[in-house]
Structure formats: C-alpha cells, structure tokens
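Enquirer: Quick one: the structure is below, questions incoming.
Number of protein chains: 2
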Amino acid sequence: MKKSNLTINDIAKALNVSKSTISRALRDAHDVNPETKRKVMAFAERHDYRPDSQAKGLRSRSTKTIGVIIPAYNIPFYSIAICGIQDYAMKMGYNVIICHSNEQYETEIKNVEALLNANVEGIIISVARDTAKNEHIRKLRRKGIPLVLFNRVIEDFKAPKVVVNDYYGALNMVNYLIKTGCRKIAHISGPANLLLSNNRKAGYLDALAQADIPEDDNLMIEGDFTIESGMTCMQKLLEKNREIDGIFAVCDAVAFGAMKALKNHGIKIPDTISVAGFTNEPMAALVEPSLTTVKQPIYEIGETASKLLFAQLEDPELPAELCVLETTIEVRESTRKLNSSATDSMG
Amino acid sequence: MKKSNLTINDIAKALNVSKSTISRALRDAHDVNPETKRKVMAFAERHDYRPDSQAKGLRSRSTKTIGVIIPAYNIPFYSIAICGIQDYAMKMGYNVIICHSNEQYETEIKNVEALLNANVEGIIISVARDTAKNEHIRKLRRKGIPLVLFNRVIEDFKAPKVVVNDYYGALNMVNYLIKTGCRKIAHISGPANLLLSNNRKAGYLDALAQADIPEDDNLMIEGDFTIESGMTCMQKLLEKNREIDGIFAVCDAVAFGAMKALKNHGIKIPDTISVAGFTNEPMAALVEPSLTTVKQPIYEIGETASKLLFAQLEDPELPAELCVLETTIEVRESTRKLNSSATDSMG
DNA sequence: AAAACTTACGGGAACGTTCCCGAAAAAAGA
DNA sequence: TCTTTTTTCGGGAACGTTCCCGTAAGTTTT
C-alpha cells in the first residue's frame, strides 16, 4: 500500500519557507522566529501532520522498536507480563513487536530472524519449552543486540535475566504443605532443560530434606507446562502410588490438570490430597477448590525486563544483571488448613 | 541507540562493484551476471547482511506494519484472537503493533494516535467497554487508513466488521436452557453501547418469547464483562428474585462471577440454577462445574479480521463487509441434563 | 563489417527527515 | 559609519534503499 501523507516539503511550499525552518519549528528549536513557528505549528496541527517515522528513523539511525518473544499467547502469565513490558516501552517512546514461538525451538529461531529483519534495537525473550540450544541467542549477542531473558531463562548464558526466586518459592510452598500435615508430597516438575524447573524441584527436595522426609523417585514425574500434562502425570502418579497426600506442581496449569485428574478419580481436594501450584494466574482464584499457589509479581516481571533492556540500550557496556523478584504464598482452598497448634512462622 | 549494520555500500566497496548491482543481485534480478550474483549472495550470507527496513520502507513508501487495539491483554479471548491476527499478518510479511486501551475510551484515543505516529498501514480494533463515541475512528476513515472492527464493534459505522452471530448464539443457548426445563432464566447483559450486548440480549428475549415465557425486568441486569461484575449482578438478582432457575451471562467471565456468587450462597449448580456463558474461553472447561457456553471460533475471528484488513490494503475501494462467523453450543456440566424424552433437535 | 540487439553494470535521483554550515538582515557596540 | 554580534533562515549533504536511465562491452543479424 502506498502512503501519501503530508510532508515537511509540502508545508514548506505552502508557507513559503524552507524545509529546514519547518523542521526546526516543529521541533520547537530556539533559532526560529516565534511568529513563523506559530504559523508552522498551526498549519501542522490543522492538517494533522505526522512526521514519517521511517525517514526520521533512517536519519537518526534508530527504529524505536523492540522485540519480544514468548512461548505462547494463551498462557495467562505471558499476557500479563507483556502488558508490563509494553507499558514501559511505550512510556519510553518505543514500539513493541511480539512474536510467539508456539513452544517450538524451530519457530523461536524464525522469530529471532523476523525481529532482526525488522531491525529491532533489543529483544526480550522467554524461551520455548523445548529450547535447549542457545546458538540463536548467542547470535544476537555477537551482533551486539541488547537482550533480556525472563521467566524461562537459559543457564550458563551471560545476559540480564529476570526471574523469581523459584527455589525459595518452592521451598516455602512445600514447607507449608508439610506444616499442614502432608507427608507424601509428589512433585510434577517442568522440562529439565529449563532452569526454572530445576530450581523449583531443588526447593521441593530441600524442603523434604529439612523435614527429614525421604525423597522418593516414585513421587517425582516430569511434565511440561500444560493442563493435559498435569492430568496425565497425575494419572501416572496415582497408578504408581496410593498414599500421596499432597501435590506440588511446577505451575498453575499443571496443578489444574492434576485437580481435574483427581476429581475424575473421586479424590477429595484437599481432604485426601492437597494441591499447590506456582504463578498465581487469574484462574487460580476461580477453580474449585481455589488453588493455593506461589504468587509471582507477573506484571512487575515484565516491567523489570523492559527496564533492564532500556538500561542496556542506554549503556551497552552494562554488566549483565540477574534480577530476582520475590514470591509470596497465596493460601486458598486446595490445601489443608494449617493446624493452629502447629508453628505459624513461615517465610 | 545507534545501529551500525552492514550496508549495501559496504558490500559494494568490498566487492568492487556498484551498489546498484548489489541491490539487484540481492533481489535476484535478471540483469546481473550469475557469477557476481553468487559472490554477492555469498558475501551477504557470510556477513549476515540485513537490508535496513526503514530505508527500504522510505523508498517504497510502505511500513509493512499494522496496528491492533484491544481492550485488555488479560481477557483470554483477545490473547487468542491476537494470535490469529498476527499469524496471518506475519504470513503476509507484516509486523504487528498491539496496543491495549485498558478498557478506557481516553486511552483508546491515545492508542490511535500512537499507531498513526508509527505510520501503520491499517488498524484492527475492538473497542473499550465504555467507548460510545466514534470520532477517533472516523478520523482514521478520513485519513484513508484501512480499518477493521471485530468482536466489540460500533454500530452505524461503515467499516468491515468481524463478529459472531451473537443473536442466534444467544437464542440457541436460551432455547437449550428452556429445553432442559428452565423457566425463570435471568440475563446478565453487557454494556448497552455495544452491539454485541444488545444482540445477545435480543436473542435471549426472543427465545423467551418463542417459548411463551413472559419477560421480566427483574430478571435482567446490566454488567460489564468482568468476573466481579458477574458476582455483584448475581448477588443483586438473588436479592430481587428467589425463583431463578437459570442464568444466561453475556460472557464467560461474567458467568464465572455468577457461579462464584451462587457457590457463596450455597446454591447448587446446575441442580437449582443452571449457568450458561458465551465465548468458550479455555477456563470454561476447567471451572467446577465446567461451564456450558456458546462456543466462538476465536482464532478464526482474529484471522478473518486480519484477512479483511489485507484485502482492504490491496484494494482500498473494497466495500465494507460484515463477516459473521457461526457459533455452536458447548454443553458441559453447569446446565441441567437434557431430558431425553424432550425434543433433541437444536441448532 | 556495419547495424542491431543483448548482457551486465554504474551513475544518480528520489523517498522524508535532520543537521551542519553559511549568509542575509537586523541589532548592538565602537 | 564601520565593525561585531545576534537573530533568522536557506542550501545541501546524509541516512540506506530502489529504480530509471545510460553505456560499455559482447553477441547476433544483415
């Protein structure tokens, strides 16, 4: 499609001054007669003049655009995080191009290419479920494109990262389950290539260890982040083990799936089995029973990622910072009530 | 931030040919020696040359960018619809800039300005809850910017629109409720300034009329599209009326809120009161009991909106088309079972 | 062997900005 | 009155592309 907008030259001709003067007047420069400035402004206002962003960008050698890659749109976490990213970027006068990898490594590579072709000035990325390699991200590094990883980050890679304290969040949550009387706590973990999965699992294991509960391989199973995965994993856990009294899921979606499976088996939540999740998606408050979960500051995660990116844009030499946000435990109905005689101190 | 990429001139100097030849070679033009073409391609590949999108755009007078305005990110409907919009746009080689109005008319106006400043070639918009005026949209029209409305459209405005058959969806759903034995069916409607709300309400009213059930103002209440609104509206309905045996909500979120309120009152769903929603968000299958709802082809709505926009980009003279997608009824657990002796034909 | 045509390439303008530099006019100082 | 300074403005290059046009060779036709 052709655009045919009013240009600075048109205004110059109409007002019988040079384009330089128009340019200066519009940017409210000092060395232009107040009277002509007024005239130019008025004319531009009346005709709704808008500078061509591409011409401006070409001249200033900046695109004022950043890119974001997320695994999927329909994960509520990312909807909210994107909001945080974008609000801050807009405030900085930047546009945001969002891509989704559809949880596929191959698509993620294509996303990176698409963003490079759009000449974005920086990229914020949360990797796909099956992304183990990082060659595509290293490429960005080599090209000097500022980069921020968030939530699902890749290990042993030097770049600013925004995560939550996955380990302590999990530790605290499992501690809480233990305090409510759970002893046979199962864990449905996430893909092992993601740091997040391992940290949450480590928190789970350490909580057990601290309570002198032996770990049991039969109580651990690896899923991905989907509801379906939660259902099938729960199913398998129940087949292998009949004494489970608690579930700690790597994320809320998996917890929802686990709850669904438990309901199908006619198992009461939390009377027979407590269920806990991680993230605190909006849905968590709505399911029945409502889900006890580790609450992440989702919007702030996005906002922080955005801030780190812009900090890098201003100073490319900035050392890579690891930003760890705090979580809290949101107690709802899917876990047993805390026995009031038990200890009531918890982080 | 400054960008310092490889340009066509750099390649020209390195290979000792003119930039014209480089340009031609890269675009695989016919009038360039296969040998030099090979050399240029190889060089570009090796150094990961990417044409400057702004220079190209300035020259070709196109930004290859479209804009989307949605009310909010955290409405699952829009997450999915955006996916449909974007997938198609990407396929067409376009980038997408997404803005959210935060359900505020004022912000929506700012969004339009932001997109105009980004020189988007077209805009897809779903208006905010309280958007009654359309001056900002008319402005786009005046400027000749292709436009498509979807889901929440504004009445008496000539532009391509993508909606579902709200009237028939509602009619069929309320018909179904009646067939399952409901007689006192309440309706929590949406904001009256939106066509969608009125059409769904009309469907509700006509279904009642067709079954010779008198309409009752006490059974109708206006909410917005939020869970909270669903809760408070349900609360009010219960205070005014004790014989309700069915609820038809304008959307799933409102239905979720209504269910929450009913549970708080200890009212059994669907034994005492059936609840039906509209949209079929992913959540609908997860809540307890799972929600019977009118199923919209959400991804396709977005995809269709995108298609209509690109059709307009290709031919600006194209007449404004109203695209109405079909809905189906997704029966789940929140409504009473259909009496097997009753008629089993329904649309 | 001259004419016509093809192949392959270079020069330069253009897209709409910004910005540097210089210059005319007006104001101030001598 | 002549110089110096300030105010105000215009000219033109530059950003990285594309594309039109011209032209030098090489190839075919007469």
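Going down the list, the sequences are from chains A and B. First residue of the first sequence? That's 375 in this note's numbering, and the numbers climb one at a time after it. First residue of the second sequence? That's 375 in this note's numbering, and the numbers climb one at a time after it. Quick reminder that beta carbons are idealized off the backbone N, C-alpha and C, glycines included. Source: prediction; values computed, not measured.
Output needed for A/Thr678: all residues of its chain with C-beta closer than 6 Å, excluding positions within five of it in sequence on either side, in chain order.
Expert: Cβ within range, chain order: Val536, Cys697.
Enquirer: Hey, quick one: how far does the alpha helix (DSSP H) through A/Thr606 stretch, first residue to last?
Expert: Its alpha helix (DSSP H) spans residues 601 to 614.
Enquirer: Under a Cβ-count criterion, where at least 16 other Cβ atoms within 10 Å of its own Cβ denotes burial, should A/Asn654 be classed as buried or exposed?
Expert: It counts as buried.
Enquirer: How long is the line joining the alpha carbons of B/Glu596 and B/Lys484, rounded to whole angstroms?
Expert: Rounded to the nearest angstrom, the two C-alpha atoms are 28 Å apart.
Enquirer: Give a yes or no on whether the C-beta atoms belonging to B/Leu692 and B/Ile440 are separated by under 8 Å.
Expert: The answer is no: Cβ separation not under 8 Å.
Enquirer: Would you decide whether B/Ser648 is buried or exposed? Buried here means 16 or more other CB atoms lie within 10 Å of its CB.
Expert: B/Ser648 comes out buried.
Enquirer: Determine, for B/Met375, whether the minimum Cβ-Cβ distance to residues of chain A falls below 8 Å.
Expert: The pLDDT assigned to B/Met375 is 45, lower than 50, so where the model puts this residue is not dependable, and the model offers no usable value.
Enquirer: Considering only residues of the same chain and omitting the five flanking positions on each side of A/Ile459, which have a CB-CB separation below 8 Å?
Expert: Here the set comprises Val442, Val470, Ile498, Gly676, Glu677, Ala679, Ser680.
Enquirer: Compute the Euclidean distance between the alpha carbons of A/Ala659 and B/Met605, then round it to the nearest angstrom.
Expert: Rounded to whole angstroms, A/Ala659 to B/Met605 spans 13 Å at the Cα level.
Enquirer: Could you round the C-beta distance between A/His474 and A/Pro445 to whole angstroms and report it? I think they count as a contact, below 8 Å.
Expert: With 8 Å as the limit, A/His474 and A/Pro445 qualify as a contact, their Cβ atoms being about 7 Å apart.
Enquirer: Can you give me the Cβ contacts of A/Asn508 inside the same chain, cut-off strictly under 8 Å, excluding the 5 residues immediately before and after it?
Expert: So the list reads Ile528, Phe531, once near-sequence residues are dropped.
Enquirer: Using the rule of at least 16 other Cβ atoms within 10 Å of the residue's Cβ for burial, across every protein chain shown, is B/Lys711 buried or exposed?
Expert: The residue is exposed, with fewer than 16 neighbouring Cβ atoms inside 10 Å.
Enquirer: Would you kindly report the start and end of the unbroken alpha helix (DSSP H) that includes B/His510?
Expert: Here the alpha helix (DSSP H) through B/His510 covers 509 to 516.
Enquirer: Mind pulling the chain A residues with CB within less than 8 Å of B/Asp426?
Expert: By Cβ distance, chain A contributes Leu432, Asn493.
Enquirer: Is the shortest distance between the beta-carbon of A/Ile471 and the beta-carbons of chain B less than 8 Å?
Expert: Yes, A/Ile471 lies at the interface with chain B (some Cβ there is under 8 Å from its Cβ).
Enquirer: Scan the segment 606 to 687 of chain B and note each continuous alpha helix (DSSP H) run of 4 residues or more that stays entirely inside, going in chain order.
Expert: If we require 4 residues or more, the alpha helix (DSSP H) runs fully inside the segment 606 to 687 of chain B come out as 626 to 638.
Enquirer: Consult DSSP for B/Ser715 and reduce its assignment to one of helix, strand or coil.
Expert: Residue placement at B/Ser715 is flagged as unreliable, the pLDDT there being 46, under the threshold of 50; a coordinate-derived value is accordingly withheld.
Enquirer: Give the range of the beta strand (DSSP E) segment to which B/Ala560 is assigned.
Expert: 559 to 563 is the span of the beta strand (DSSP E), which, as asked, contains B/Ala560.
Enquirer: Does the beta carbon of B/Cys457 sit closer than 8 Å to a beta carbon anywhere in chain A?
Expert: Closer than 8 Å: yes.
Enquirer: Considering only C-alpha positions, which residue in the set B/Asn549, B/Arg503, B/Glu602, B/Asn379 is nearest to B/Leu569?
Expert: Of the listed residues, the one whose Cα sits closest to B/Leu569 is B/Arg503.
Enquirer: Nearest chain B C-beta to A/Met657 closer than 8 Å, yes or no?
Expert: Closer than 8 Å: yes.
Enquirer: So, is B/Asp422 buried or exposed, given that buried needs 16 or more other C-beta atoms within 10 angstroms?
Expert: Result: exposed.
Enquirer: Are the segment 398 to 409 of chain B and the segment 581 to 599 of chain A in contact at 8 Å, needing three or more beta carbon pairs?
Expert: The segment 398 to 409 of chain B is not in contact with the segment 581 to 599 of chain A.
Enquirer: Is B/Thr702 near B/Lys669, with beta carbons less than 8 Å apart?
Expert: The answer is yes: Cβ separation under 8 Å.
Enquirer: According to DSSP, B/Cys473 sits in a beta bridge with which residue or residues?
Expert: Partner(s): B/Ile443.
Enquirer: Assign B/Pro394 to buried or exposed, taking buried as 16 or more other Cβ atoms, counted over all protein chains shown, within 10 Å of its Cβ.
Expert: As written in the sequence, residue 394 of chain B is Ser, which differs from the Pro given in the question. By the neighbour-count rule (16 or more Cβ atoms within 10 Å), B/Ser394 is not buried but exposed.
Enquirer: B/Val522 CB to nearest chain A CB: under 8 Å?
Expert: B/Val522 does not count as touching chain A.
Enquirer: What is the DSSP secondary structure of B/Gly496, reduced to helix, strand or coil?
Expert: Reduced to three states, the DSSP call for B/Gly496 is coil.
Enquirer: Less than 7 Å separating the Cβ of B/Asn379 from some heavy atom of the ligand NAP?
Expert: Absence of the ligand NAP from the depicted structure is noted, as is the absence of any ligand whatsoever, leaving it without description.
Enquirer: Quick check: A/Pro565 and A/Asp619, are their CB atoms within less than 8 Å of each other?
Expert: For A/Pro565 and A/Asp619, no; Cβs fall outside 8 Å.
Enquirer: Note down the Cα distance separating A/Ala533 from A/Gly496, rounded to an integer number of angstroms.
Expert: A/Ala533 and A/Gly496: Cα-Cα distance of roughly 12 Å.
Enquirer: Does the distance from the C-beta atom of A/Ala544 to that of A/Arg574 stay below 8 Å?
Expert: Their beta carbons are under 8 Å apart, which means A/Ala544 touches A/Arg574 by this criterion.
Enquirer: Could you list which residues in chain B have their beta carbon closer than 7 Å to that of A/Glu662, in chain order?
Expert: Val661, Glu662, listed in chain order.
Enquirer: Using a cut-off of 8 Å between C-beta atoms, extract the partners of B/Tyr447 located in chain A.
Expert: Going along chain A in sequence order, the residues near B/Tyr447 (Cβ under 8 Å) are Ser453, Ile454, Ile456, Cys457.
Enquirer: Starting from B/Phe417, follow its DSSP beta bridges and name the residues at the other end.
Expert: For B/Phe417, which the question treats as bridged, DSSP gives no partner whatsoever.
Enquirer: Please determine, among A/Pro663, A/Asn572, A/Leu490, the residue with the shortest C-alpha to C-alpha distance to B/Arg424.
Expert: Taking only the C-alpha atoms, the option nearest B/Arg424 is A/Leu490.
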